[in-house]
Amino acid sequence: MPTTATAYAAPSAKAPLARTTISRRDLTADDVAIDIAYAGICHSDIHTVRDEWGPATYPLVPGHEITGHVTAVGADVSGFAVGDRVGVGVMVDSCRTCAACRAGEENYCELGMIGTYNVVDKYGEVTQGGYATSIVTDQHWVYAIPDALDLAAAAPLLCAGITTYSPLKYWGAGPGTRVAVIGLGGLGHLGVKFAVALGAEVTVLSQSLSKQEDGLRMGAAHYYATSDEATFTSCERGFDLVVNTVSANLELDKYLGLVARGGTFIEVGLPVEALDFSADALINPRLSIGGSMIGGVAETQEMLEFAAEHGVATEIEVIGADQINEAYERVVASDVRYRFVIDVNSMRD
Ligand code: NAP
Ligand code: ZN
Ligand code: ZN
Numbered sequence: 152m153p154t155t156a157t158a159y160a161a162p163s164a165k166a167p168l169a170r171t172t173i174s175r176r177d178l179t180a181d182d183v184a185i186d187i188a189y190a191g192i193c194h195s196d197i198h199t200v201r202d203e204w205g206p207a208t209y210p211l212v213p214g215h216e217i218t219g220h221v222t223a224v225g226a227d228v229s230g231f232a233v234g235d236r237v238g239v240g241v242m243v244d245s246c247r248t249c250a251a252c253r254a255g256e257e258n259y260c261e262l263g264m265i266g267t268y269n270v271v272d273k274y275g276e277v278t279q280g281g282y283a284t285s286i287v288t289d290q291h292w293v294y295a296i297p298d299a300l301d302l303a304a305a306a307p308l309l310c311a312g313i314t315t316y317s318p319l320k321y322w323g324a325g326p327g328t329r330v331a332v333i334g335l336g337g338l339g340h341l342g343v344k345f346a347v348a349l350g351a352e353v354t355v356l357s358q359s360l361s362k363q364e365d366g367l368r369m370g371a372a373h374y375y376a377t378s379d380e381a382t383f384t385s386c387e388r389g390f391d392l393v394v395n396t397v398s399a400n401l402e403l404d405k406y407l408g409l410v411a412r413g414g415t416f417i418e419v420g421l422p423v424e425a426l427d428f429s430a431d432a433l434i435n436p437r438l439s440i441g442g443s444m445i446g447g448v449a450e451t452q453e454m455l456e457f458a459a460e461h462g463v464a465t466e467i468e469v470i471g472a473d474q475i476n477e478a479y480e481r482v483v484a485s486d487v488r489y490r491f492v493i494d495v496n497s498m499r500d
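Read left to right, the sequence shown gives residues 152 to 500 (this note's numbering).
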């Protein structure tokens with residue numbers, strides 16, 4: 152018999168999320184059952200729920216930054232036992248045989264990875280995410296949460312953390328490199344912390360100076376307001392990497408102008424509209440534009456170990472499930488410092 156879970160679901164693109172009951176499948180031999188303790192609110196949850204990326208299937212339970220404890224394991228599960236502190240991120244399946252999957256980059260599976268919510272899985276069911284009291288998933292997609300990480304603060308690492316860690320590593324952020332991060336939100340603040348921990352000199356480009364003190368405390372060396380032309384113009388150019396985490400569309404020429412000769416502008420934000428930049432801004436001084444989507448399973452586990460070792464912690468505001476809709480409004484208004492995390496125990500009464 153499948154088990155039931157209490158969850159928060161969006162009934163449609165326009166209606167607020169509301170409490171509901173969903174079912175979780177019976178454990179297969181490779182499955183792990185998890186009691187969810189915390190679920191982060193990613194801006195992608197909001198884009199999806201509001202049907203900005205389309206098509207969304209309702210009712211929709213979002214949430215792909217999940218931490219909790221193992222409650223049961225299937226017969227073939229090794230490496231996880233009842234009581235373990237674990238996490239689930241953005242993926243719950245992929246083909247596992249294509250070149251990308253074999254290379255450990257399941258996130259770029261050639262057949263498309265199966266997302267933790269809003270995707271039809273191999274059982275023919277639409278996946279339902281982590282704003283819920285439990286989840287059942289194949290062991291391959293389960294992460295061990297290092298003891299040094301707080302379970303609530305660890306949850307956002309499973310999307311926001313890996314999404315910034317992976318491109319910083321891929322494009323070589325480290326000692327001697329200059330990295331600029333656009334947008335100090337969920338992804339942005341972890342991008343700053345990971346780039347600092349990797350040894351880069353980091354600059355924050357935020358809409359205003361309202362979070363400047365925080366950005367500098369997180370280890371950034373410089374902080375500029377993009378809305379103030381005079382301040383922005385004073386920003387020293389020549390960044391090896393500029394990482395754009397902004398959820399809305401920006402006129403990119405202004406930011407491409409910051410990239411060093413041969414440097415890279417990396418897009419991780421997923422605004423609804425197509426990117427806006429000119430060929431002029433791209434050709435001189437020989438820039439590259441790159442993009443990156445979360446990270447593979449092995450790299451995600453590596454990122455968790457790195458965060459534990461280097462003290463990279465998400466800055467969170469823990470909320471009850473009845474505050475999810477209000478939190479969505481605050482995220483959209485860039486009023487989050489720096490990730491909302493749902494205390495899933497609040498769904499258990
Ligand atoms: P978030 O917490 O809302 O952060 C976005 C930040 O962008 C805001 O805090 C704000 O920073 C800035 N911003 C927002 N609106 C802006 C505007 N109109 N003009 C200029 N700056 C603006 O969101 P998030 O969870 O970090 O996600 C960011 C984006 O990445 C979303 O589009 C999300 O879907 C996407 N995403 C992509 C991946 C991937 O795999 N590539 C993974 C997760 C999320 P300031 O206030 O500092 O300006
Ligand atoms: Zn996400
Ligand atoms: Zn594949």
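Where a beta carbon is used, it is the ideal one built from N, C-alpha and C, also for glycine.
When DSSP builds the beta bridges, which residues end up paired with Tyr294?
Here residue 294 corresponds to residue number 143 of the sequence shown, with the count starting at 1. Tyr294 is bridged to Gly238.
Select from Lys344, Gly413, Glu387, Ser497 the residue whose C-alpha is nearest the C-alpha of Met454.
As a position in the sequence shown, residue 454 is number 303, starting the count at 1. Closest option to Met454, Cα to Cα, is Lys344.
Leaving out the 5 sequence neighbours to the left and right, which residues in its chain are closer than 7 angstroms to Gly471 when beta-carbon positions are compared?
Here residue 471 is taken as the residue at index 320 of the sequence shown, counted from 1. Correct list, in chain order: Asp494, Ser497.
Less than 7 angstroms separating the Cβ of Ile417 from some heavy atom of ligand 1?
Looking up residue 417 in the sequence shown gives position 266. It does not: the Cβ of Ile417 is nowhere closer than 7 angstroms to a heavy atom of ligand 1.
Give the residues whose C-beta lies closer than 5 angstroms to at least one heavy atom of ligand 3, in chain order.
Result: Ser245, Cys246, Cys249, Cys252, Cys260.
Roughly how many angstroms separate the alpha carbons of Ala166 and Gly205, rounded to a whole number?
Indexing the sequence shown from 1 puts residue 166 at position 15. Indexing the sequence shown from 1 puts residue 205 at position 54. Approximately 16 angstroms between the Cα atoms of the pair.
Which residues bound the beta strand (DSSP E) around Asp272?
Residue mapping note: residue 272 aligns to position 121 of the sequence shown, counting from 1. It is not in any beta strand (DSSP E) - Asp272 carries neither H nor E in the DSSP assignment.
Any heavy atom of ligand 2 closer than 7 angstroms to the beta-carbon of Ser195?
Your numbering for residue 195 matches position 44 in the sequence shown. It does: the Cβ of Ser195 is within 7 angstroms (strictly closer) of some heavy atom of ligand 2.
Cβ of Val243 within 7 angstroms of any heavy atom in ligand 2?
One-based indexing of the sequence shown puts residue 243 at position 92. Outside the cutoff, so no.
Quick one: residues in its chain with C-beta nearer than 7 angstroms to the C-beta of Glu203, no 5 flanking neighbours on either side, listed in chain order?
As a working note, residue 203 is residue 52 in the sequence shown. These residues qualify, in order along the chain: Val423.
Contact defined as beta carbons within less than 8 angstroms: I believe Thr278 pairs with Val243. What is the distance between those atoms, to the nearest angstrom?
Residue 278 sits at position 127 when you count from the first residue of the sequence shown. Residue 243 sits at position 92 when you count from the first residue of the sequence shown. With a Cβ gap of about 6 angstroms, Thr278 and Val243 count as contacting.
Under 8 angstroms between the Cβ atoms of Arg201 and Tyr274?
To locate residue 201, count along the sequence shown from 1; it is residue 50. To locate residue 274, count along the sequence shown from 1; it is residue 123. No, these two residues do not count as a Cβ contact at 8 angstroms.
Please name the residue in Gly366, Ser163, Thr396, Gly255 whose C-alpha comes closest to that of Glu466.
Taking the first residue of the sequence shown as position 1, residue 466 is located at position 315. Answer by Cα proximity: Gly366.
Can you name, in chain order, every residue of its own chain whose Cβ lies under 6 angstroms from the Cβ of Val270, other than the five neighbours on each side?
Indexing the sequence shown from 1 puts residue 270 at position 119. Thr278, listed in sequence order.
Where does the unbroken beta strand (DSSP E) through Val332 begin, and where does it stop?
What you label residue 332 is simply residue 181 of the sequence shown in a count that begins at 1. Counting along the chain, the beta strand (DSSP E) containing Val332 begins and ends at 329 to 333.
Report the residue from Ile440, Val221, Ser398, Gly266 whose alpha carbon sits nearest the alpha carbon of Gly214.
For the purposes of this step, residue 214 is identified with residue 63 of the sequence shown, where counting begins at 1. Per the Cα distances, Gly266.
Please identify the residue among Gly339, Gly420, Ala432 whose C-alpha is closest to the C-alpha of Ala505.
Outside the displayed span of the chain (152 to 500) sits residue 505, for which this structure offers no information.
Nearer than 7 angstroms: is that true of the beta carbon of His215 relative to any heavy atom of ligand 2?
Counted from its first residue, the sequence shown places residue 215 at position 64. Yes, since a heavy atom of ligand 2 falls inside the 7 angstroms radius drawn around the Cβ of His215.
Return the first residue and the last residue of the beta strand (DSSP E) that Ile493 is part of.
Taking the first residue of the sequence shown as position 1, residue 493 is located at position 342. Looking at the DSSP string, the run of the beta strand (DSSP E) that includes Ile493 is 490 to 494.
Closer than 6 angstroms by C-beta to Val397: which residues in its own chain qualify, once you throw out the five before and the five after it? Chain order, please.
Numbered from 1 along the sequence shown, position 246 holds the residue referred to as residue 397. Result list for Val397: Ile333, Gly334, Gly420, in chain order.
Considering only heavy atoms of ligand 1, does any lie closer than 7 angstroms to the CB of Gly334?
For the purposes of this step, residue 334 is taken as residue 183 along the sequence shown, with counting starting at 1. Within the cutoff, so yes.
Could you tell me the alpha carbon to alpha carbon distance between Ala160 and Ala207, rounded to whole angstroms?
Numbered from 1 along the sequence shown, position 9 holds the residue referred to as residue 160. Numbered from 1 along the sequence shown, position 56 holds the residue referred to as residue 207. Distance between the alpha carbons of Ala160 and Ala207 is about 12 angstroms.
Please determine whether the Cβ atom of Thr328 lies at a distance below 7 angstroms from any heavy atom of ligand 1.
The count along the sequence shown starts at 1 and reaches residue 328 at position 177. Incorrect: Thr328 has no Cβ contact closer than 7 angstroms to ligand 1.
Considering Cα atoms alone, identify which of Thr315, Ala371, Arg247 is closest to Arg329.
Taking the sequence shown and counting its residues from 1, the one referred to as residue 329 is at position 178. Nearest C-alpha to Arg329: Ala371.
Is the beta carbon of Met498 within less than 7 angstroms of some heavy atom of ligand 1?
Here residue 498 refers to the residue found at position 347 of the sequence shown. Incorrect: Met498 has no Cβ contact closer than 7 angstroms to ligand 1.
Contact criterion: CB-CB distance below 8 angstroms. Does Phe457 meet it with respect to chain E?
No chain E is present in this structure, which holds just one protein chain.
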